[in-house]
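If you read the sequence shown in this note's numbering, its first letter stands for residue 18, the second for the next number, and so on.
Virtual Cβ for every residue (Gly too), placed ideally from N, Cα, C.
Owing to the predicted nature of the structure, the values given are computational and were not obtained by experimental measurement.
Everything on this sheet refers to the single structure shown next.
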Amino acid sequence: MPRIVSARVIVTCPGRNFVTLKVECDDGTTGLGDATLNGRELAVASYLEDHVVPCLIGRDAHRIEDIWQYLYKGAYWRRGPVTMSAIAAVDTALWDIKGKIAGLPLHQLLGGAMREGCMVYGHANGATIEDTIEAALDYQRQGYRAIRLQSGVPGLASTYGVSKDRYFYEPADADLPTENMWSSEKYLRSVPPLFAAAREALGWDVHLLHDVHHRLTPIEAARLGKDLEPYRPFWIEDSTPAENQANFRLIRQHTTTPLAVGEVFNAIWDCKTLIEEQLIDYIRATVVHAGGITHLRRIAAFADLHNVRTGCHGATDLSPVTMAAALHFGLSVPNFGVQEYMRHTDDTDAVFPHAYSFEAGLMHPGDAPGLGVDLDEDRAATFPYKRAYLPVNRREDGTMHDW
Ligand code: CS2
Ligand code: MG
């Protein structure tokens, strides 16, 4: 049996911060797990270093489910993003190790490929509708079959989802949180014309997506869903905060626009009602923040019983280690829907050399044993941690609002 002899936390900032766990066994096999929690990175690094690593040494790396249960039940204080990201990092690293020892890519261990590749969606955004459409046409030319549309809101100085750079988007860009200003009324007026222009320019053969980023009340979200129905969106995402899962009952009663939610979820309990009552169509929980491959498979199996498909989060704060894990998972899970794909910086790609690739709108994790991702530790050491916060958000009268 491969005995765990060390587990190290590596923090690096090749354009943005990443926390990675590297587990090593007595036979020299190593595995990687992503533990990045945007804006709260060092909390997970400490949770791992101070509270998890001491419990791992000497364990049989093959006993993935047992170690998962040990860390989840053994914490006593269950769930939460910090705990579940730490567990995810261990879980992902152990699956990587198992794949390397078996000499098989991870998707083979998960049941084998069910499809040629994972359909991914790219991010078209711009300050104006025209700029966003131009970016979307560019994605369409590159072969994307699904495109997310985000545009600046007339009357608001800035908003989420609109980047300074053409392909690279990173909202956590300040040493202390930037303060943004928000108006749901202005925003709600701006989205239907964006979709109308997009259908006009891009046609009907491409999937169009949109992220509301938890900004609306349930009844406002219902109105947006109705307003967008003529343009047949693939989904609207995080249309209202989901701490209260019952919120989605109201939205569901009013619109046939498909609903996606869950990038901030970290356990199956966060989506139990949403899935059981078929209040959503896509679950966005992802490997790194929802307890690793072991727990995400459980969520997906439960979702499959209720006609809910996967649509995993894949923003730039999810490292190439998570991206690879998500692609192995997506390739093998029956109820795969779509995978989000935002490109990393060249420095990030150089720190994490990887086997995954993009072709004709689909991504494939490659056939290297395990995850197919490495960490160049020397290069990582040249990019030290840099504190960076996500912005905060206020309404026009100064009241704090969801970001
Ligand atoms: C967004 C993310 O990709 C998405 O759907 O909601 O960019 C999100 O803002 C970041 O991951 C926050 O860290
Ligand atoms: Mg989102």
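Query raised in the report: Which runs of the beta strand (DSSP E) spanning at least 3 residues fall entirely within the region 24 to 68, listed in chain order?
Result: 35 to 42 and 47 to 51
Query raised in the report: In terms of residue numbering, what span does the beta strand (DSSP E) encompassing Glu-394 cover?
Result: That residue, Glu-394, is in no beta strand (DSSP E); its alpha helix (DSSP H) goes 394 to 398.
Report task. Decide if the region 347 to 355 is in contact with the region 121 to 134; the criterion is three or more beta carbon pairs, one per stretch, under 8 Å apart. Result -> yes
Query raised in the report: What residue does the alpha helix (DSSP H) around Gln-356 start on, and which one ends it?
Result: No alpha helix (DSSP H) contains Gln-356, which is instead part of the beta strand (DSSP E) from 353 to 357.
Query raised in the report: Are Ile-81 and Asp-108 close, meaning C-beta to C-beta below 8 Å?
Result: yes
Query raised in the report: What span of residues does the alpha helix (DSSP H) with Ala-72 cover, start to end?
Result: Checking the sequence shown, residue 72 turns out to be Cys, not Ala. Unbroken alpha helix (DSSP H) run through Cys-72: 70 to 73.
Report task. Would you mind stating whether Tyr-248 and Ala-213 have Cβ atoms separated by less than 8 Å? Result -> yes
Query - Collapsed DSSP secondary structure at Pro-171 in the structure displayed - result: coil
Requested in this report: Would you kindly report the start and end of the unbroken alpha helix (DSSP H) that includes Ile-253?
Outcome: Element bounds for Ile-253: not the alpha helix (DSSP H) but the beta strand (DSSP E), 252 to 254.
Query raised in the report: Hey, quick one: how far does the beta strand (DSSP E) through His-230 stretch, first residue to last?
Result: Segment: none, His-230 is in no beta strand (DSSP E) and carries neither H nor E.
Query raised in the report: If you measure from the CB of His-230, is any heavy atom of ligand 2 nearer than 7 Å?
Result: yes
Query raised in the report: For Ser-336, which residues of its own chain have a beta-carbon under 6 Å away from its beta-carbon, when the five flanking residues on both sides are left out?
Result: Phe-35, Asp-51 and Thr-53
Query - The alpha helix (DSSP H) enclosing Val-107, as first and last residue numbers - result: 98 to 119
Query raised in the report: Which of helix, strand or coil does DSSP assign to Ala-259?
Result: coil
Query raised in the report: At a cut-off of 7 Å, is Glu-237 close to ligand 1 when judged by its beta-carbon and the heavy atoms of the ligand?
Result: no
Report task. Could you have a look at His-264 and say whether DSSP puts it in helix, strand or coil? Result -> Note on identity: in this sequence residue 264 is Asn, with His being the wrong assignment. Asn-264 falls in the helix class under three-state DSSP.
Requested in this report: Can you tell me which of Arg-314, Gly-308 and Leu-225 puts its alpha carbon nearest to the alpha carbon of Ala-277?
Outcome: Leu-225
Query raised in the report: Should Gly-378 go down as buried or exposed, given a rule of 16 or more other Cβ atoms within 10 Å for buried?
Result: buried
Query raised in the report: Sorry if obvious, but does the Cβ on Thr-273 come closer than 7 Å to a heavy atom of ligand 4?
Result: In the structure shown, ligand 4 is absent; the only ligands present are ligand 1 and ligand 2.
Query raised in the report: Helix or strand or just coil, what does DSSP make of Asp-366?
Result: helix
Query raised in the report: Under the criterion of a Cβ to heavy atom distance below 7 Å, does Asp-51 qualify as lining ligand 2?
Result: no
Query - CA-to-CA distance, Arg-314 to Asp-228, given in whole angstroms - result: 24 Å
Query raised in the report: Hey, how far is the Cα of Val-70 from the Cα of Val-99?
Result: 15 Å
Query raised in the report: With C-beta atoms as the reference, is Phe-353 less than 8 Å away from Arg-132?
Result: yes
**Report entry** Nearest-angstrom Cα separation, counted from Lys-115 out to Arg-20
**Finding:** 12 Å
Requested in this report: Would you check whether ligand 2 has a heavy atom nearer than 7 Å to the C-beta of Asp-255?
Outcome: yes
Query raised in the report: Is the beta carbon of Ala-141 within less than 7 Å of some heavy atom of ligand 1?
Result: no
**Report entry** Where Ser-256 falls, given that 16 or more other Cβ within 10 Å makes a residue buried
**Finding:** buried
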